[in-house]
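Notes follow once the structure below has been shown.
In the numbering used here, the protein residues as written are 557 to 842.
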């Protein structure tokens with residue numbers, strides 16, 4: 557019905573070929589100057605995109621980024637009151653943003669991006685089967701010259717109990733683990749491109765990306781432990797990480813604040829001997 561009222565809205569149906577493949581197809585079909593992604597369970601605060609896109613266009617921004625609220629509420633009608641302060645926010649480049657915000661999220665729904673930036677730098681989603689956000693976002697910010705981050709909450713990330721990240725189903729656990737591993741292989745390719753100057757960046761940015769990669773390996777092993785997989789599967793993934801020189805972990809971003817349990821777990825993951833022993837405490841079936 558909306559397509560009849562608003563001709564700029566176009567509806568496409570796609571067989572289930574995975575989120576990243578579908579997103580790549582949508583990037584080719586998109587006609588607008590800016591791209592924005594919204595996941596099915598999530599939602600925006602009312603009446604914000606018109607102002608955001610208009611501002612980004614006026615300022616010729618490559619990226620306009622904003623805050624996200626994590627919520628258990630399936631919907632809200634709360635308006636945004638401080639979009640008017642956008643004009644006071646400084647413009648920086650994407651590398652500086654990454655260095656200024658070293659632990660910022662890498663999902664794709666907290667920023668709008670100029671389509672020309674994606675096209676000119678050949679930025680698409682990789683083969684991660686649903687975890688392509690990280691590499692996509694890093695490539696976007698490493699390429700962007702005009703970025704504004706406005707600390708106002710625009711996007712609402714809904715914690716769905718049916719999410720694969722929170723599923724107790726064994727098959728979904730395996731899917732999550734494999735998709736996270738594929739993302740790590742894409743990370744390796746990105747680091748290689750940065751080291752070989754296929755993608756230009758400063759040495760500080762390269763080091764930052766390597767540290768983010770280290771944190772992603774920590775997160776992957778954490779999820780691997782939580783999945784409580786067969787011992788052989790667990791060990792096979794650790795061997796895969798070693799073959800790609802991703803484990804033991806050499807550099808990573810040190811958490812500023814986290815619980816004692818999380819700190820202890822991170823220390824265990826960083827120590828190969830401890831990890832081998834503690835893996836059995838997670839009731840890995842052997």
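Beta carbons are placed, not taken as given, at the ideal position from N, Cα and C, and that holds for glycine.
- prompt: Between which two residues does the beta strand (DSSP E) harbouring residue 709 extend?
  reply: Position 153 of the chain shown holds residue 709. From DSSP, the beta strand (DSSP E) with residue 709 extends over 703 to 714.
task: Decide yes or no for the touch test of the segment 615 to 631 against the segment 742 to 754: beta carbon pairs closer than 8 Å, at least 3 of them.
output: No: the two stretches stay apart, fewer than three of their Cβ pairs being nearer than 8 Å.
Per DSSP, the bridge partner or partners of residue 668
Counting from 1 along the chain shown, the entry for residue 668 is found at position 112. 620, per the DSSP bridge assignment.
Quick one: Cα of residue 772 to Cα of residue 651, how far? Against the chain shown, residue 772 aligns to sequence position 216. Against the chain shown, residue 651 aligns to sequence position 95. Going from the Cα of residue 772 to the Cα of residue 651 covers about 19 Å.
| field | Cα-Cα separation, residue 779 to residue 588 | value | The count along the chain shown starts at 1 and reaches residue 779 at position 223. The count along the chain shown starts at 1 and reaches residue 588 at position 32. For residue 779 and residue 588, the distance between alpha carbons rounds to 38 Å.
Is the Cβ of residue 759 closer than 8 Å to any Cβ of chain D? Among the chains of the structure shown, chain D does not appear; only one protein chain is present.
For the alpha helix (DSSP H) containing residue 803, list its first residue and its last residue. Here residue 803 refers to the residue found at position 247 of the chain shown. Run containing residue 803: none; DSSP gives neither H nor E here.
Look at the Cβ atom of residue 609, then the Cβ atom of residue 639, and state whether they are nearer than 8 Å.
Position 53 of the chain shown, counting from 1, holds the residue named residue 609. Position 83 of the chain shown, counting from 1, holds the residue named residue 639. It is not a contact, given that the beta carbons lie outside the stated cut-off.
In chain order, each alpha helix (DSSP H) run of at least 4 residues that lies wholly inside the segment 590 to 616: Correct list: 605 to 614.
Hey, residue 562 and residue 655 are a contact pair by Cβ (cut 8 Å); roughly how many whole angstroms apart? Here residue 562 refers to the residue found at position 6 when the chain shown is read from its first residue. Here residue 655 refers to the residue found at position 99 when the chain shown is read from its first residue. That pair is no contact at about 40 Å.
### Task
Pull up the distance between the alpha-carbon of residue 583 and that of residue 673, whole angstroms please.
Translated into positions along the chain shown, residue 583 becomes position 27. Translated into positions along the chain shown, residue 673 becomes position 117. Approximately 12 Å, taken between the alpha carbons.
**Prompt:** According to the Cβ coordinates, are residue 681 and residue 692 closer than 8 Å?
**Reply:** Residue numbering aside, residue 681 sits at position 125 when the chain shown is read from its first letter. Residue numbering aside, residue 692 sits at position 136 when the chain shown is read from its first letter. Yes.
Less than 8 Å between the C-beta atoms of residue 623 and residue 703, yes or no?
Here the question's residue 623 lines up with position 67 in the chain shown. Here the question's residue 703 lines up with position 147 in the chain shown. No.
*asked:* Do residue 712 and residue 625 count as a contact pair if the criterion is CB distance below 8 Å?
replied: Translated into positions along the chain shown, residue 625 becomes position 69. Translated into positions along the chain shown, residue 712 becomes position 156. For residue 625 and residue 712, yes; Cβs fall inside 8 Å.
### Message
Spatial neighbours of residue 659 within its chain, please: C-beta separation below 7 Å, excluding the five flanking residues on both sides.
### Response
Here residue 659 refers to the residue found at position 103 of the chain shown. Result list for residue 659: 809, in chain order.
message: I need the DSSP call for residue 647, collapsed to helix, strand or coil.
response: As a working note, residue 647 is residue 91 in the chain shown. Three-state DSSP puts residue 647 in coil, outside helix and strand.
- Task: Please state whether DSSP places residue 626 in a helix, a strand or coil.
- Result: Within the chain shown, residue 626 is the residue found at index 70, counting from 1. Here residue 626 sits in strand by DSSP.
- In three-state terms, what does DSSP make of residue 776? By one-based count along the chain shown, residue 776 stands at place 220. DSSP places residue 776 in helix when its eight states are reduced to three.
> Secondary structure at residue 842, three-state DSSP: helix, strand or coil?
Replying inline: As a working note, residue 842 is residue 286 in the chain shown. Since pLDDT at residue 842 reaches only 46, below the 50 mark, its modelled position is unreliable, and the value read off the structure follows with that caveat. In the structure shown, residue 842 sits in coil (DSSP, three-state: anything other than H, G, I, E or B).
What residues in its chain sit with their C-beta under 8 Å from that of residue 578, if we drop five residues either side in the sequence? On the chain shown, position 22 is the one that residue 578 refers to. Hits under 8 Å: 570.
Report task. Look up residue 785 in the DSSP assignment and say whether it is helix, strand or coil. Result -> If you number the chain shown from 1, residue 785 lands on position 229. It is coil, neither helix nor strand.
Query raised in the report: What's the call for residue 566, buried or exposed, on a 16-neighbour Cβ count within 10 Å?
Result: In the chain shown, the residue the question calls residue 566 occupies position 10. Burial state of residue 566 is exposed, judged by a 10 Å Cβ sphere holding fewer than 16 other Cβ atoms.
Burial state of residue 665, where buried means 16 or more other Cβ atoms lie within 10 Å
Here the question's residue 665 lines up with position 109 in the chain shown. That one is buried.
| So what does DSSP say about residue 567, is it helix, strand or coil? | For the purposes of this step, residue 567 is identified with residue 11 of the chain shown, where counting begins at 1. Residue state for residue 567 is assigned as coil, using DSSP reduced to three classes.
(request) Would you give the residue range spanned by the alpha helix (DSSP H) that residue 559 belongs to? (result) Translated into positions along the chain shown, residue 559 becomes position 3. It spans 558 to 561 - the alpha helix (DSSP H) in which residue 559 sits, taken as one unbroken run.
Would residue 697 and residue 737 be called neighbours here (beta carbons separated by less than 8 Å)? Residue 697 sits at position 141 when you count from the first residue of the chain shown. Residue 737 sits at position 181 when you count from the first residue of the chain shown. The answer is no: Cβ separation not under 8 Å.
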